[in-house]
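In our numbering, the protein residues as written are 75 to 324.
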Ligand code: NAD
Ligand code: ZN
């Protein structure tokens, strides 16, 4: 039997409000309403490059200036974006539930700006830099909010070589501590996946793992994804709309 949206929102509010442990996995869709474009829905390509052709170590090695210019453009557009109601509801839940974990694929820092208590970043932060050659003297990453760099990459403060964005590029490994945190978080009463196309593993694997470990699984995404049919509750609404309406029911 196909359930109505109201019915699905009621069920989601019930399972979340009675949960002891809540895990949320977010992707680019949660920031769409803040004006941060998703990759797969991207219509405003930068200089007609596809993100997959710029966010790689090979692209940076070949043409660091162009990759850096793209990140500078992204950093300056994200700097003007504000957390939206979806970020705010998740931040409220992070303080309400003693065992709440949020795992994000986003690099924009909007969950942190909304005040979310416990954020695990799978793909790093666009507001971090790291030494491109990982020289022994430099910290693994350092925070940097400059949005007006010259075209060339800024220097590593230790070795003077080029710095790169502190994000995980296509083909690179997710930090081990994030994988461990995600594995721990997959043992939960309810696992909610919001605004991710769930094409990028292992992020998509967390909700599947949570489901097989007994969690109620909820997906919030206006589009159907590879996970939709396997979820206990699939809510086909934008993140802001769904999370705001769930929070009102609690
Ligand atoms: P994606 O671009 O592959 O998928 C975005 C998903 O969000 C789609 O399934 C789409 O249907 C859904 N969506 C669009 N608008 C939505 C809305 N208003 N509410 C809810 N869902 C909505 O993004 P992804 O799955 O996060 O993975 C791609 C990679 O891109 C990630 O690794 C991430 O690091 C990177 N990325 C990050 C940002 C960011 O930091 N905000 C932006 C773009 C890409
Ligand atoms: Zn260095």
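Just so you know, even glycine gets a beta-carbon here, dropped at the ideal spot from N, CA and C.
Taking the C-beta atoms as reference points, residue 164 is found no nearer than 8 Å to residue 261.
Not one heavy atom of ligand 1 lies closer than 7 Å to the C-beta of residue 202. Residue pairing from DSSP places residue 237 in a beta bridge opposite 205. Annotation: residue 105 to residue 184 spans about 8 Å, alpha carbon to alpha carbon. DSSP places residue 142 within a helical segment (H, G or I) once states are collapsed to three. The alpha-carbon separation between residue 83 and residue 319 amounts to approximately 7 Å. In this model, residue 97 and residue 139 are separated by some 38 Å (Cα to Cα). With a cut-off of 7 Å, the C-beta of residue 230 is classified as near ligand 2, since at least one heavy atom of the ligand falls inside that distance. Separation of residue 268 and residue 190 (C-alpha to C-alpha, rounded to the nearest whole angstrom) is 15 Å. Annotation for residue 168: 174, 176, 190, 191, 192 place their beta carbon closer than 7 Å to its own, counting only its chain and skipping 5 residues before and after. The criterion of a C-beta distance shorter than 8 Å is not satisfied by residue 271 and residue 241.
Taken atom to atom, the span from the alpha-carbon of residue 244 to that of residue 297 is near 23 Å. Distance between residue 90 and residue 264, taken at the CA atoms: about 7 Å.
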